[in-house]
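Under our numbering, residue 399 is the last one in the sequence shown; the count climbs by one each step, no gaps.
Quick reminder that beta carbons are idealized off the backbone N, C-alpha and C, glycines included.
In what follows, a single structure is set out as structure tokens and then discussed.
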Amino acid sequence: LSGTPDAPDGPPPPGPEGFITDETLVRTVHWGLEYHQPFDRSLLSLRDLLSLVLLRLTTPTQTIATIGEDDTRDEDADQQRQAQQEAQQINVLERLRNFLLGYCKHYGRRLADPAFMVSKAPGVIFQNHFTISRVLREFAGKAEAAFTQDDLVLCFWWIWAPLVWPTIVGLEDPSALKSLSEKFHPERIQQAWCASKMSIMTVIMFSEVFGQPPHWRSGLWDKNRVGVFMVARELANRIRASLGNNVFDFQAEDMLEAWGLDSVEDVTSLTVDHARMERLQSIFSKITQYCPPMDEKYAALIHLQTLEKAGKGDSPEAQELTEQIHQQGLTKEYEEYQRKPALILATNEDEPYCPRCGAQLTLIAENSLKQGELVLCTSSKDAWIYQRPKLPELII
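Written as structure tokens, this is what we have:
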């Protein structure tokens, strides 16, 4: 480079293109210099700094190379130092884990505190929320041994539920968005949400924390997992109801800031992984439209009943639904319904009553409902009943 410390009046050093030949790299470095302010003046740079710290803490220590005959280093001492470094790294990660768990619980309580919320602008709340979420998902990805998936799920509930549904984690109303709406106009809250890239972060967090919803066959025997997805669906829909139907729309470029850094080189990356983004959107869509096992199991039969009532029982759509019902292995239920056409209704678990006539079902019918079967009302015989799980009152 031109100029030396001893010659401050010399010509300035050249730009990146003076010593980097790859045009793409030159372009990204210029972009970084222009848009990435020092971390003390830029949230984006601060998040990148946090990502780099996590990379440093979670990168395995280098294996000690084989020592040659002329090497005067003490191999045992080197191995001892490496073991100490690894132990220190594990200790730091464990302390970080405990800090994150405690911080998320504390922050969740602050979100449900009206006095705290009215003292903050929506943008400050959402920027902080974005940063916490990014740190959580990156820490979970880089330090799986220290920060488990269960830890990530727990932190998710603590910081996301209080936004719109604090009672699901044992906190009292009002929610964070309700408190903000008491002081700020809804349009300002929506603008702050979008400007803080919360739309893409919501999609990423929901998709990575919960993954694909279970098929109804497996969900029938995993009530805890079904309950989790029912709450996740309700949480996402409450966010949409509070902020508008387009609250989860985002620009592809938002993913660059939300995703974080998988390597040091990602600091200057301008590449959007569209396949990954589409995969996340697909999972998120399935979560927001999740149906409990029995709703999904009998959805085609209920839809067929709707078509038959509308006089479209012979339509191509009805024929497709009939084929789908047989492919699902529900031929027995279909034939029983055809022999005795009646309304198909859902009853909540722990409520062994016919939702049409109110009569209590027999013990045999109640047990059949628990097994996921379709049961004819044992009193009036004018309704087919299946059981739907109740929405959990608490998730943690």
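Using a Cβ-Cβ cut-off of 7 Å (strictly less than) and excluding sequence neighbours within five positions of residue i, which residues of its own chain qualify?
i                 : result
tryptophan 160    : Val172, Ile398 and Ile399
proline 177       : Pro117
phenylalanine 316 : Per the sequence presented here, residue 316 reads as glycine, with phenylalanine not at that position. Excluding positions up to five away in sequence, the list reads Leu310.
phenylalanine 187 : Pro125
glutamate 299     : Trp219
From residue i to residue j, what does the alpha carbon distance come to, in whole angstroms?
i                 : j                 : result
phenylalanine 133 : glutamine 82      : 41 Å
proline 295       : aspartate 79      : 59 Å
tyrosine 110      : valine 156        : 15 Å
glutamate 237     : alanine 86        : 47 Å
proline 169       : leucine 104       : 17 Å
cysteine 158      : alanine 239       : 16 Å
serine 202        : phenylalanine 232 : 19 Å
lysine 384        : glycine 214       : 41 Å
proline 216       : arginine 84       : 46 Å
tryptophan 163    : proline 344       : 44 Å
phenylalanine 253 : proline 189       : 19 Å
glutamate 376     : aspartate 276     : 44 Å
methionine 297    : arginine 391      : 6 Å
serine 288        : alanine 90        : 42 Å
valine 138        : cysteine 107      : 11 Å
valine 234        : proline 395       : 7 Å
glycine 222       : glutamine 88      : 44 Å
alanine 313       : methionine 280    : 40 Å
leucine 364       : methionine 204    : 46 Å
glutamate 339     : aspartate 257     : 52 Å
arginine 140      : leucine 372       : 39 Å
glycine 332       : arginine 98       : 51 Å
valine 250        : alanine 115       : 21 Å
alanine 362       : serine 318        : 36 Å
serine 136        : leucine 183       : 20 Å
glutamate 320     : glutamine 308     : 12 Å
leucine 346       : glutamate 185     : 44 Å
threonine 334     : phenylalanine 102 : 54 Å
Give the DSSP-derived three-state secondary structure of residue i in the structure shown.
i                 : result
glutamine 391     : The question names glutamine, but residue 391 in the sequence shown is arginine. Looking at arginine 391 - three-state DSSP - the assignment turns out to be strand.
glutamate 20      : Note that glutamate 20 scores 46 on pLDDT, short of 50, meaning its location in the model is unreliable; the coordinates nonetheless yield the value given after this. If DSSP states are grouped into helix, strand and coil, glutamate 20 belongs with the helices.
valine 378        : strand
tyrosine 356      : strand
isoleucine 398    : coil
histidine 218     : coil
histidine 109     : helix
histidine 329     : helix
asparagine 131    : helix
threonine 66      : Low confidence applies here, because threonine 66 scores a pLDDT of 42, under 50, leaving its location unreliable; read the following figure in that light. In the structure shown, threonine 66 sits in coil (DSSP, three-state: anything other than H, G, I, E or B).
lysine 226        : helix
valine 412        : The question about residue 412 has no answer here: the residues shown for the chain are numbered 4 through 399.
asparagine 94     : helix
valine 121        : coil
valine 250        : coil
valine 270        : A caution first: valine 270 carries a pLDDT of 42, below 50, which makes its placement in the model too unreliable to give a value.
glycine 144       : helix
alanine 86        : helix
glutamate 322     : Glutamate is not the amino acid found at residue 322; the sequence shown has glutamine there. Reduced to three states, the DSSP call for glutamine 322 is helix.
cysteine 197      : helix
cysteine 294      : coil
alanine 255       : coil
phenylalanine 187 : coil
serine 1          : Within the shown structure, residues of the chain are numbered from 4 to 399, placing residue 1 beyond reach of any answer.
List the residues that DSSP assigns as beta-bridge partners of residue i.
i              : result
isoleucine 347 : Trp387
glutamine 363  : Tyr356
So, at 6 Å on beta carbons, what are the nonlocal neighbours of residue i in its own chain, with the 5 sequence-adjacent residues on each side left out?
i            : result
proline 358  : Leu348 and Thr350
alanine 303  : Leu324, Gln327 and Ile328
valine 167   : Ser178, Leu180, Arg241, Ile242 and Ser245
arginine 113 : Phe119
tyrosine 400 : Summary: the structure shown does not reach residue 400, with the chain confined to residues 4 through 399, and so no result is reported for it.
arginine 100 : Ala149 and Phe150
alanine 1    : This structure gives no information on residue 1, because the portion of the chain shown stretches from 4 to 399.
arginine 44  : In this predicted model, arginine 44 has a pLDDT of only 46, less than 50, meaning its place in the structure is not dependable; the value taken from the coordinates is given anyway. If we look at arginine 44 and ignore the five residues flanking it on each side, it has no Cβ neighbours.
Can you name, in chain order, every residue of its own chain whose Cβ lies under 8 Å from the Cβ of residue i, other than the five neighbours on each side?
i            : result
glycine 247  : Gln193
cysteine 360 : Cys380, Ser382, Ser383, Asp385 and Ala386
lysine 393   : Asn351, Glu352 and Asp353
valine 206   : Phe251, Phe253, Leu283, Gln284 and Phe287
proline 355  : Gln363, Leu364, Ala368, Glu369 and Leu372
lysine 226   : Pro392
alanine 175  : It should be pointed out that residue 175 corresponds to glutamate in this sequence rather than to alanine. Correct list, in chain order: Ala115 and Pro169.
proline 165  : Gly111, Arg112, Leu114, Ala115, Val172, Leu174, Ser178 and Ala179
Taking 6 Å as the cut-off, is the beta-carbon of residue i closer than that to any non-hydrogen atom of the ligand NAP?
i             : result
glutamine 331 : Summarising the ligand content, the structure contains no ligands, and the ligand NAP is consequently not present.
Would you be able to state if there are at least three C-beta pairs under 8 Å between the region 142-150 and the region 191-207?
-> Remark: fewer than three beta-carbon pairs, one from each stretch, lie closer than 8 Å, so the region 191-207 and the region 142-150 are not flagged as touching.
Counting Cβ pairs closer than 8 Å, one from the region 117-128 and one from the region 88-95, do we hit at least three?
-> no
Would you check if there are 3 or more beta carbon pairs closer than 8 Å linking the region 275-295 to the region 207-214?
-> yes
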